[in-house]
Structures are given as structure tokens and as C-alpha cells.
Amino acid sequence: MAVNASLPPAIRLRAPQVPFDPGCYPQIEARSLVLVRHPGYANGNNILLTLTSSDGDDSYYGVDFRLVHTACAIIADNDYNGWLSLSDDSSASKIALDDGAILQAGEYYYHVPYPSTASPAGAESTPNPLEVSPVQQSSRAYLYPVTPNFRAWKYIEDLHHFARAWNSTTNAAVAAPIPPISNLAAKVTARDGSCRLTASRLMTEVAHMVPAAEKEWFARNRMDQYRRLNSTAERQGPDTDGNAILLRADVHALWDRRYFTLVPKFAEGSWTMVAHTTERLSELHEKFHNIPLQLLRDISPQCLFARFAHDLFPSMINFLSEGRHRRLAVYNTDGSKDCNWYSPDDCQRFCEGQGQGRSASPKRKRRDPDAVTETGITDRIDSPCEEDTGGSGESEDFKETPDREGWDDSCGYKRRLEQEELQEAMDESIGRGRKRTRTCDRQSERGYVDRQVWQHSIA
């Protein structure tokens, strides 16, 4: 009998990954921005939005026109009747572009028409003398109120055609019936199968659209009514499959840190849900910008639209932090609406916790504030934003941390909790024995440092 003397195949190595070369791609960092101003305030303190010019190429760049208009309408208390103009004069020509057109980088004004009860000075009664600008007096631009943050914003089912575009990109039917599953992570994984942006099946986890920390906002706006008809979720609130998609862990972290947002864009005759990068980083732009998402099955387009608003409001921080009185529209927890002038201190309070409402991780149980540590020094951790800040900051108490042995971490809770513990251990090693108070300012500072480290690591 002949013996096969052939040798087994040898190991073959594939080519190594090539580091990103920013010189090969458009320099997003060097591009101009799209600035949107409020025509009711004097130039110098009236910038509402600053948007990265992510769309277009080096010869013509800017931002999708419908994206800009919708962002302005959300901030202007959901007023979609407004228009963009190159002038602070309300009688100047309006900018009207087709779906899919790019608004070129530059400075613009978002005007809102006078309501029937408004006076020429812009207020619904007597204008506040602190903020009637010379620009407003000459151009008669309406000094419309703006919404300061996500928790002060009210979701409104609007029939504007761009808002309807969200429905057309998120109504894909499930290819095969999914058996009833009570576990959120298991159900979303069975439905989506892979990361909705990268199509990867590695290290995926559940990502909330309306963050789990915003459960009070979710209930106040009755978002449960927008659940998909074939949803089998028994739980109410943000922890439902209609408010969740599957993302790879690193993509989830980038989304929660607002490096990109998800929006529909019009191209090749139809609307498509894509990732829109919001940071001036070439690698991020090259990997994710305008990449269509995988099929979005049985999710709530209303929740996805609310997430776009949630990602948008932290851009208001500069407008609110300039030390000036502002006219704001604030929806309270009881559903009532206040449309008043707010002092600089009040405006600053609306900034606290902006951008911190990510998918909430399990939190440690609150420690006794009078407890004495081994060093004899009180080691107190306060809940963020203990005082009422008009809807900003997280108000729920710290929760008992579950036993992590065998913990299902499909939502990424364990990973984020371990990162938080590592950061606190580093803090304690720097200032051991000192009284520590966790505040919203400290959270914001920590988030800023995290972002700088991330930018440095991928630059």
C-alpha cells in the first residue's frame, strides 16, 4: 500500500494591519465649521450651534442641509417653520436646498416666524431690557426661546418630511419570527445578529437609543406608545427592544461619547440611515462617516430621533455659559411649559450633566455620609446634582452593585463599571485621605479628559 509522503501545509501569515495615515484622507481637522447664530441676540454672544463640516470633499464641504435645519428646529422649541439665512435681517432671502444637498461651511442665522401673540420686539409680552439687542430692534427678528437641554425638551410627533424620513429607514420587517425572549440582550442579539454599523459579530452589546438614565424623560414623553406592534418586551421604559440596537463595544462607546450620531440622509433617490461623524478626526471620518447601517428591524424611529436630539443638546453649552440672560423654553416634569428669561446662573445649571446621560451602568450603593474610614477621614460620595437643576443631571440614587460572578455583560455594564472603578482607584492614589465629592462638574471634567485621551490615541 502506497504511503502519501506529502507534507502537511505550512502556516501562512497574512499581511499585518496598516496604521491609519491621515495624510491619505481629507483633513477634516482643517476644515471650516457650520455656525448657526440666533438673530435675536447681538453678534458675539449668539452662536447656537457649531457643526463639523463632515460632508462633501475638499473642494466643497459642509453639512447635510436637512440635518442642519432639523437640528435648529429641535433647539428652537420644535419650530420646523423656521429658515436659514445669511443675514440676521428676517426679511433677507431664505436658503432653500433640496434633500441631499450640502449646506456649505460658513455662518448662518436660524429665523423663526413670529407667533400670533408675539410683539415686534420678540417677547410675548414686554421684552426684557437685559437682552433686547440693537440687531433685534433694527431687523425686527423674533427673539424666539430655545430649549437648553434634553431633559427640558419635549418630543413632538411632527409631520415634517425630514422627520418622516426616520420612519422610512427603520421599518424593515423581521425576516424570520423571533421566539419570545424575556432577556433584553438576548432578544436584541437574536434580532440584529451583528453590529448595526460594522456588521461585526465580535464583542457586540446592546446600545440604548434613549439612554437608560433618561427613564423619567422617557415616561414623561410617553415614549412607550411608540413600541413596535410585534414587540414582545414585557418591561416598560427605555429597557425595551424597540429602544435598543446591537453595536460593537468600541462603536457603542464612540456613540455614547457623541463622536458620531445616526441620521437619515437622502442619496440616490431614497433615504438611508447612516452614521454622521461629529468630531474633527480624519480616521473617525474615514471609518464611519456616511456608512449605511445594517437593516434596522422592529425599532422605534421615534426613539432614534430622540437620540439625535440627545446627542445635539450638549452643543448648547457655550450659548448658555456666556454669562448672559437667555430666553428659554423649558418643559417641566409635570408636562407644563415655562417660556421665560433665565439668569446666567440658571442657564449654567442647565449645562450640568450635559452629555452624561449615557446608558446607565449599575451604580454602587450610596455610602453613609457620616461613615469614618480607616484613616479617620469622612469619605463621602454625593449623588450628582443633588439640588434641583431644572431637569439636568442624574437624580436617581446609587444602586446596589450586583454580584459580577457570572454576570451577563451583553450590555457592556461590567466593562464600564470596571473602568469607573479603575478611575476611582487612580483618584484615590493621588489624593488619599482627602474628602471627595463627586459632582456634575467633576463628571464633565472627567469626560473631557477621556475625550482628549481618545483623540490623542487615534491622532
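Numbering of the sequence shown is given in the working numbering, commencing with residue 7 and proceeding in unit increments. Cβ atoms here follow ideal geometry from the backbone N, Cα and C, with glycine treated the same way. All of these numbers come straight from a predicted model, not from anything done at the bench.
Tell me the start and end of each unbroken beta strand (DSSP E) in the segment 258 to 299 that is at least 3 residues and wholly inside, in chain order.
266 to 273 and 276 to 283
Give a yes or no on contact between the segment 322 to 329 and the segment 215 to 232, applying the rule of three or more CB pairs nearer than 8 Å.
no
Count the other CB atoms within 10 Å of the CB of residue 56; is the residue buried (16 or more) or exposed (fewer)?
Looking up residue 56 in the sequence shown gives position 50. That one is exposed.
Taking the beta carbon of residue 31 as the centre, do at least 16 other beta carbons fall within 10 Å, making it buried, or is it exposed?
Counting from one through the sequence shown, the residue named residue 31 turns up at place 25. When all chains shown are included, residue 31 counts as exposed.
Just how far apart, CA to CA, sit residue 94 and residue 199?
By 1-based counting over the sequence shown, the position of residue 94 is 88. By 1-based counting over the sequence shown, the position of residue 199 is 193. The alpha-carbon atoms of residue 94 and residue 199 are separated by roughly 49 Å.
Straight-line Cα distance separating residue 290 from residue 147
Taking the sequence shown and counting its residues from 1, one reaches residue 147 at position 141. Taking the sequence shown and counting its residues from 1, one reaches residue 290 at position 284. Rounded to whole angstroms, residue 147 to residue 290 spans 38 Å at the Cα level.
Rounded straight-line distance, which links the Cα of residue 224 to that of residue 209:
Stepping through the sequence shown from its first residue, residue 209 is reached at position 203. Stepping through the sequence shown from its first residue, residue 224 is reached at position 218. Approximately 28 Å between the Cα atoms of the pair.
Kindly list the residues whose CB is nearer than 6 Å to the CB of residue 377, restricted to its own chain and excluding five residues on each side of it in sequence; keep chain order.
On the sequence shown, position 371 is the one that residue 377 refers to. At residue 377, the pLDDT of 38 sits below 50, so the modelled position is not reliable; the number obtained from the coordinates is stated separately. Closer than 6 Å at Cβ, skipping near neighbours: no residue.
Which one or two residues does DSSP pair with residue 175 in a beta bridge?
Numbered from 1 along the sequence shown, position 169 holds the residue referred to as residue 175. In DSSP, residue 175 forms no bridge with anything.
For a test of the three-state rule: what should DSSP assign to residue 58, helix, strand or coil?
For this step, residue 58 is matched to residue 52 along the sequence shown. Strand.
If the criterion is Cβ atoms closer than 8 Å, does the pair residue 470 and residue 42 meet it?
Residue 470 lies beyond the stretch modelled for the chain, which goes from 7 to 465, so this question has no answer here.
Between the segment 343 to 361 and the segment 286 to 304, are three or more C-beta pairs nearer than 8 Å?
no
DSSP state of residue 16 mapped onto helix, strand, coil:
Here residue 16 refers to the residue found at position 10 of the sequence shown. Note: residue 16 maps to coil in three-state DSSP.
Figure out for me which residue from 102, 58, 27 and 156 has the closest Cα to the Cα of residue 322.
Counting from 1 along the sequence shown, the entry for residue 322 is found at position 316. When only C-alpha atoms are compared, the closest one is 156.
Over what stretch of residues does the alpha helix (DSSP H) that includes residue 326 continue unbroken?
Numbered from its first residue, the sequence shown carries residue 326 at position 320. Element bounds for residue 326: 323 to 326.
Under 8 Å by Cβ, that's how I've got residue 152 and residue 54 pegged, so tell me the actual separation to the nearest angstrom.
Locating residue 152 in the sequence shown gives position 146, where the first residue counts as 1. Locating residue 54 in the sequence shown gives position 48, where the first residue counts as 1. So it is a contact: roughly 7 Å between Cβ atoms.
So is residue 194 in contact with chain D if we call contact Cβ pairs under 8 Å?
Here chain D cannot be found, since the structure has a single protein chain.
Closest by CA to residue 2, which one among 85, 246, 301 and 284?
Look at the range of the chain in this structure, 7 to 465, and you will see that residue 2 is not part of it.
Hey, residue 516 and residue 214 are a contact pair by Cβ (cut 8 Å); roughly how many whole angstroms apart?
Because the chain in this structure spans residues 7 to 465, residue 516 falls outside the shown range and cannot be described.
Using a threshold of 8 Å, state whether the C-beta atoms of residue 154 and residue 353 are closer than that.
Reading the sequence shown from its first residue, position 148 is the one you call residue 154. Reading the sequence shown from its first residue, position 347 is the one you call residue 353. Yes, these two residues count as a Cβ contact at 8 Å.
Rounded to whole angstroms, what's the CA-CA distance from residue 259 to residue 12? Just pull it up for me.
By 1-based counting over the sequence shown, the position of residue 259 is 253. By 1-based counting over the sequence shown, the position of residue 12 is 6. Between residue 259 and residue 12, the C-alpha separation is close to 50 Å.
Using 8 Å as the threshold, is the C-beta distance between residue 65 and residue 40 below it?
What you label residue 65 is simply residue 59 of the sequence shown in a count that begins at 1. What you label residue 40 is simply residue 34 of the sequence shown in a count that begins at 1. No, the Cβ-Cβ distance between residue 65 and residue 40 is not below 8 Å.
Check each candidate in 162, 279 and 336 and name the one with the smallest Cα separation from residue 106.
Here residue 106 refers to the residue found at position 100 of the sequence shown. Closest by alpha carbon: 279.
List the DSSP bridge partners of residue 110.
Here residue 110 corresponds to residue number 104 of the sequence shown, with the count starting at 1. In the DSSP output, where bridge partners are listed per residue, residue 110 has 68.
Under 8 Å, do residue 79 and residue 85 count as touching if we go by C-beta distance?
By 1-based counting over the sequence shown, the position of residue 79 is 73. By 1-based counting over the sequence shown, the position of residue 85 is 79. Cβ distance < 8 Å, so residue 79 and residue 85 count as in contact.
Rounded C-alpha distance that separates residue 48 from residue 114
Within the sequence shown, the letter at position 42 stands for residue 48. Within the sequence shown, the letter at position 108 stands for residue 114. Cα to Cα, the separation comes out at about 14 Å.
Which value, in whole angstroms, describes the spacing of the CA atoms of residue 319 and residue 81?
Here the question's residue 319 lines up with position 313 in the sequence shown. Here the question's residue 81 lines up with position 75 in the sequence shown. Spanning the two alpha carbons is a distance of roughly 8 Å.
Decide if residue 108 is buried, meaning its Cβ has at least 16 other Cβ atoms within 10 Å, or exposed.
For the purposes of this step, residue 108 is taken as the residue at position 102 of the sequence shown. So residue 108 ends up on the buried side.
Distance, residue 149 Cα to residue 137 Cα:
For the purposes of this step, residue 137 is identified with residue 131 of the sequence shown, where counting begins at 1. For the purposes of this step, residue 149 is identified with residue 143 of the sequence shown, where counting begins at 1. Confidence is the limiting factor: at residue 137 the pLDDT is only 45, short of 50, which leaves the residue's position unreliable and the question unanswerable from this model.
Report, in whole angstroms, the separation of the C-beta atoms of residue 68 and residue 110, which I expect to be a contact under 8 Å.
Translated into positions along the sequence shown, residue 68 becomes position 62. Translated into positions along the sequence shown, residue 110 becomes position 104. Contact flag correct, Cβ pair sits at about 4 Å.
Measure the Cβ-Cβ separation of residue 266 and residue 281 and say whether it is below 8 Å.
Within the sequence shown, the letter at position 260 stands for residue 266. Within the sequence shown, the letter at position 275 stands for residue 281. Yes, the Cβ-Cβ distance between residue 266 and residue 281 is below 8 Å.
Within 10 angstroms of its Cβ, does residue 270 collect 16 or more other Cβ (buried), or is it exposed?
Taking the first residue of the sequence shown as 1, we reach residue 270 at position 264. Classification for residue 270: buried.
So what's residue 159 in DSSP terms, helix, strand or just coil?
As a working note, residue 159 is residue 153 in the sequence shown. In this structure, residue 159 counts as coil in the three-state DSSP scheme.
Alpha carbon to alpha carbon, how far is residue 28 from residue 161? Give it in angstroms, no decimals.
For the purposes of this step, residue 161 is taken as residue 155 along the sequence shown, with counting starting at 1. For the purposes of this step, residue 28 is taken as residue 22 along the sequence shown, with counting starting at 1. So the alpha carbons of these two residues sit roughly 39 Å apart.
Which residue wins for smallest C-alpha separation from residue 37, given the options 355, 122, 287 and 334?
Position 31 of the sequence shown holds residue 37. Checked all of 355, 122, 287 and 334; the closest Cα to residue 37 is 287.
Using alpha carbons as the reference points, say which of 302, 274, 116 and 189 lies closest to residue 201.
Here residue 201 refers to the residue found at position 195 when the sequence shown is read from its first residue. Nearest option by C-alpha distance: 302.
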